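Data first, discussion second: the structure below is written as structure tokens.
2 protein chains.
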Amino acid sequence: MQNNVTVLKQAIEYRQLIDTLMAEDRFADLVLSGGQLINTLTREIYPADVAIKGKYILMAGDASSLIGPDTLVVDVTGRYLSPGFVDSHMHFESSMLTITEFSRLSIPSGTTTLVADPHEIGNALGPVGMKAMADECAHVPNHVQLVVPALTPDCPNLETAGVDVTSKDMPDLLGYPNIIGIGELQGFSNARHVYRNTPEIITDLVASTAYARSLGDTVDGNAPDLYGCDLAAHIIATGGRTSCHETTSKAECVEKLRYGVYVFMREGSTQKNMAECIRAVTEEGMDSRNCILATDDMVAADLENLGHMNEIIRRTIRQGVDPVEAIQMATLNPCTYWGFHDRGAIAPGRLADIAVISDLQEMTVEAVFLEGKLAAANGKLLLDLPAYTYPESVKHSVHHAPLTEADLQIRAEGQQATGRCIVAIPDQNLTECEELPLRVQGGVVQADPANDVLYIACVERYGRTGGIGKAFVRGFGLKQGAFAESIAHDTHNILVTGTNLRDMAAAVNRVIELGGGIAVVQGGRVLEELALPVGGLITDELGGSEVSAKIDSLERTVTDKLGGTLHAPFMHLSFLGLSTSPKWKITDKGLIDVNNFQILDPIV
Amino acid sequence: MQNNVTVLKQAIEYRQLIDTLMAEDRFADLVLSGGQLINTLTREIYPADVAIKGKYILMAGDASSLIGPDTLVVDVTGRYLSPGFVDSHMHFESSMLTITEFSRLSIPSGTTTLVADPHEIGNALGPVGMKAMADECAHVPNHVQLVVPALTPDCPNLETAGVDVTSKDMPDLLGYPNIIGIGELQGFSNARHVYRNTPEIITDLVASTAYARSLGDTVDGNAPDLYGCDLAAHIIATGGRTSCHETTSKAECVEKLRYGVYVFMREGSTQKNMAECIRAVTEEGMDSRNCILATDDMVAADLENLGHMNEIIRRTIRQGVDPVEAIQMATLNPCTYWGFHDRGAIAPGRLADIAVISDLQEMTVEAVFLEGKLAAANGKLLLDLPAYTYPESVKHSVHHAPLTEADLQIRAEGQQATGRCIVAIPDQNLTECEELPLRVQGGVVQADPANDVLYIACVERYGRTGGIGKAFVRGFGLKQGAFAESIAHDTHNILVTGTNLRDMAAAVNRVIELGGGIAVVQGGRVLEELALPVGGLITDELGGSEVSAKIDSLERTVTDKLGGTLHAPFMHLSFLGLSTSPKWKITDKGLIDVNNFQILDPIV
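As you go down the protein sequences, you meet chains A and B in turn. Each number in the working numbering corresponds to the 1-based position in the first sequence with 297 added. Each number in the working numbering corresponds to the 1-based position in the second sequence with 297 added.
The structure is reproduced here in structure tokens:
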């Protein structure tokens, strides 16, 4: 037999549970008594006791025969008992927190299962980084598993990642503990473009997805704005049964549900698409079994102040969805998609992951049980959860000699030049583009901060090419100084913007010195900084509150000291590197014309 | 990589489908145009074309760009397009047909996937027999897979099967092609009895189910009339996510759905439970995603005259269920349970298994596509499907020396004795029991045909013990003669009943000579017979119509020549061997008091 020890252990567990149910002298460890059961299987709410033994639910109904002299009976009269919540698509990197610190903030909100796509670390560090995150999964009390990218970077011709992940890496990665499939299939998001321009990517992707399917693994899709044949091709590239977390309109949601896509209705810190997507259910009456709630990106401050999946469910109820149906979208539906058959409902034999809810409309989570143990109450984690420190192998990921101003210069002949300028749009990944007349001084094209035209650059930071892409940008409104960060979707090179090249070089150099992170510079001096030692993306030195406070301070510094006018400037800058979303972006290879898969010169 | 060839082949298939969707000069093979799509994913019906390439659905919607000069466009205006139907729980043995002959009858009704539990052959022949059936699965054009028993016989202390299957057989069986899990978990159907009387069976069963779960396999339950702690224990014994096809009341259905059991609402030739079970949906409004339609046992005549899953769906609609919801119960819902993610809906990337329906209320299936090929039209199979012949290794399963009258005698002292008598109940597996005064002649207790008291015996037929269980029976009404059969649930020894021992011995001896089958004898002469050479249960010599005609002739012989008064006498006799259903039954070990797990003497 395979896995002899695991099988034997499981058989003994089953046997003990059966003994507890059948023998007259054995009893439950714990009975939650007097509550209202939220039954996600039948879409009902009714009074039921829940009996727990070890990690498992023994019974949900009349549990009186299971109460013995040593059974702890907890009165939950007036409370609702829900299965623990699942976030089916998220990136820990967006929070800058370790899995441990994210869990510390999310468990008290009732989230007991997280499926994360570590594609940020994957771009920066490749399999080494993703396996290090998979290792951390084993150290948290909640259920955390990873789905990994089949391709890094997203657009190999247009940008440089730290490591190139391809189908050759799949056997190693998909065989690693806590890695359960392939994450959002980014290489084929823009189906028609990829088909025309880099068809070899499709061949490699289907090799990966066919292999994943042969293991019974899941493959998440990523099909923003795809319809008809393009959507069908994307679905087939994933191997047929897939998801999409980039659905932004009702019509798109209707078509994806009809095509069999599990729609991850996204509602996170930055992108909020649930209210639009849910109209497929509330207005069209579609079967909601393939509707799933997910956050994609959550920052630490939102986790602390708003909650996690409970908040997303609350908002879904506000859109007119029956509370049990909304809860299904964060419990049974995702567990069906992922094959987590031991969760998603409060029923005999399933893991005792339970959220105790005091107000169903507000989704106020009063207590949380994880595998039968009281894990949190009144918003506080009760489990002992030591901070997790990452190994040295995933630190020191920044390799570039210090920059000089000259490295960042954009040169042109004459007195004036026409510069190409990315135009940042508040709260969007998309950009606009402009061509502008700019002054040339001593052969160097000059930014024009008075008219909100700044320099922008992207510095390859993995020691592979050392290349620097350069262009101009509008939208940040800086009056002075510069800021840089090693967060640059999705390759996570160093992005920098500023009014002058000296401060920009200083900011980049500080990020290099930190081994990754964020730096704000004015007059050659570092005003504020945050080290992100793990892959240049995550800190294993700070907790959630500390990160929130630091981000707040960094943002205030940009606004107050540099005169920045765009809120969340680091997040906005980081998405200017995303070479898959139109129109113009910047990578280490230069200014990218996304729609035409071309690298443009910053000067016309 | 594992399965290099399979993975490569799949990747090439994906790539070709993507090419067809994206390249301007490639087109679908077939487009079904103008029909109404039954979308099981969203529970909608709307106009859509369906484009097919090779085995797969390319698109379901606007397929105009996929129609090229060589595309076959079939006008299905006015028809409904449904995914092919799934029967999730059935036994081929009940039809006495090979998988091939069953498929010949069921494909034209729209059934494209069958999951069968070969526990009859499993009891008779063990792994050799089940693997022979799994081999036949590869020879039919529809999708047929098996789930195998974890235990034969059902009650090892009370009966003898041909082969004892236990957990030791699971690695071999569950690793065999076309075997995908464990079938109805019969050893633990009567949870409290087994717990008290043969707890070692539970230990062996959970070893099997834990092993199956470690492979990601399914495990079907079998929980008739179980509630509360007993039901919970049964669910846990299966490993947590399971089904039950033995649910007979609304209350039982409600409890099972609440506990997370997939309820296989049974509607076959003998047992009809759907109308009662469906009330959980129609009256209580429960979420129906875990409701599944299944037949359990279908005889050839019903397949020919009524249809298959289309007929079961039709009856479900008659109970007030929305047609699309009823169709979900035989398509998407079972495919979700089984993990058949490539089926269950008409959507891009899924297999093109499609039923073309002309009348939705009547579920009239006009044509059937299997993996993109037209497989049947107007009730006729269009594919070339040669009859399948089983290997010699699964024939000649009957090993017993010819009986004499003396072998069947029940002896007692004196002139009179009190005999124990099983009372058959029409259309039920359950029996009643009686103790009756009987005449003793020359030391032999006499039957009393004038008062409908016949002899019954069960002869161990596998050459293991040669044992013969004996008792009396009421309910068949024979006036003369005897009949015997090698169908005797679930061990399939030879059951015989009759008015006199001479005809009984002759009938058994004819079944022995046939190598298994059915024989009707009067005055020492065989009046009618049917050979069932495959394990004594199935014929690979006759097709469906021939078997129907033969059964009809056998039944008429019992009625007309022997004076039998009970309809379907062979089926009723066969269930008198079922040692798991109350009250009294007969096995090769003797008269069984099912409720008390005891063997009784036929004489008080």
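C-beta atoms are modelled at their ideal positions from N, C-alpha and C, and glycine is treated no differently. As the structure is a computational prediction, the values presented were derived from the model and not from experiment.
Going by beta carbons, asparagine 806(B) and leucine 705(B) fall outside the 9 Å limit.
Straight-line measurement puts the Cα of leucine 338(A) at about 16 Å from the Cα of leucine 355(A). In this structure the segment 797-806 of chain B does not touch the segment 492-507 of chain B; the number of beta carbon pairs closer than 8 Å is below three. Leucine 394(A) and glutamate 843(A) have their C-alpha atoms some 10 Å from each other.
Here DSSP, grouped into helix, strand and coil, assigns cysteine 434(B) to helix.
Close to threonine 339(A), with beta-carbon spacing below 7 Å, are these residues of chain B in chain order: Leu554, Arg555, Met583, Asp584. For histidine 638(B), the C-beta contacts it makes with chain A under 7 Å involve Gly537, Arg538, in order along the chain. Secondary structure of methionine 356(B) (DSSP, three-state): strand. Within the segment 739-777 of chain B, the runs of beta strand (DSSP E) at least 3 residues long that lie entirely inside it are, in chain order, 751-756, 765-771. Distance from the Cα of leucine 554(A) is smallest, within the candidate group Gly565(A), Asn570(A), Thr567(A), Cys574(A), for Cys574(A). At least one beta carbon of chain A lies nearer than 9 Å to the beta carbon of leucine 305(B).
At a cut-off of 9 Å between C-beta atoms, asparagine 336(B) counts as an interface residue with respect to chain A.
Beta-bridge analysis with DSSP links tyrosine 559(B) to Ser540(B). Within chain A, the residues placing a beta-carbon under 8 Å from that of arginine 312(B) are Ile499, Thr500, Val503, ordered along the chain. One thing to note: histidine 531(B) has its Cβ no nearer than 9 Å to the Cβ of alanine 598(B). By the criterion of a C-beta distance shorter than 8 Å, asparagine 892(A) is surrounded in its chain by His490, Pro879, Lys880, once the five residues flanking it on both sides are discounted. Within 10 angstroms of the beta-carbon of isoleucine 722(B) lie fewer than 16 other beta-carbons, which makes it exposed.
When Cβ-Cβ separations below 9 Å define contact, serine 486(A) makes no contact with chain B. For glycine 795(A), the three-state secondary structure derived from DSSP is strand.
Relative to the Cα of alanine 684(A), the nearest Cα in the group Ala348(A), Val823(A), Ser400(A) belongs to Ser400(A). If you keep only unbroken beta strand (DSSP E) runs of at least 3 residues inside the segment 321-370 of chain B, you get 327-330, 333-336, 341-344, 346-350, 353-358. Considering only beta carbons, the part of the segment 358-375 of chain A lying closer than 8 Å to chain B consists of Gly358, Asp359, Ser362, Leu363, in chain order. Taking a 10 Å sphere around the C-beta of lysine 306(B), we find fewer than 16 other C-beta atoms and assign the residue as exposed. DSSP places proline 688(B) in the coil class of the three-state scheme, outside both helix and strand. For alanine 652(B), the secondary structure class from DSSP, reduced to helix, strand or coil, is strand. The beta-bridge partner set that DSSP reports for lysine 882(B) consists of Ile889(B). Look at tyrosine 473(A) here: in three-state DSSP terms it is coil, with no helix or strand label. When C-beta atoms of the segment 671-683 of chain B are compared with those of the segment 767-778 of chain B, fewer than three pairs fall below 8 Å, so the two segments do not count as touching. Across the set Leu811(B), Val901(B), Val817(B), Asp372(B), the C-alpha of Val817(B) shows the shortest separation from the C-alpha of threonine 854(B). DSSP places histidine 440(A) inside the beta strand (DSSP E), whose first and last residues are 440-445. The secondary-structure analysis by DSSP pairs aspartate 372(B) across a beta bridge with Ser330(B).
A residue is called buried once 16 or more other Cβ atoms fall within 10 Å of its Cβ, and glutamine 625(B) is buried on that count. Here the alpha carbon of serine 385(B) sits roughly 5 Å from the alpha carbon of alanine 591(B). DSSP places isoleucine 707(A) outside both helix and strand once states are collapsed to three, so it counts as coil. Its chain contains Arg323 as the residues whose beta carbon lies nearer than 6 Å to that of aspartate 316(A), once the 5 sequence neighbours on both sides are disregarded; these appear in chain order. Neighbours of asparagine 519(A) across chain B, judged by C-beta separation under 8 Å, do not exist; the nearest C-beta is about 15 Å away.
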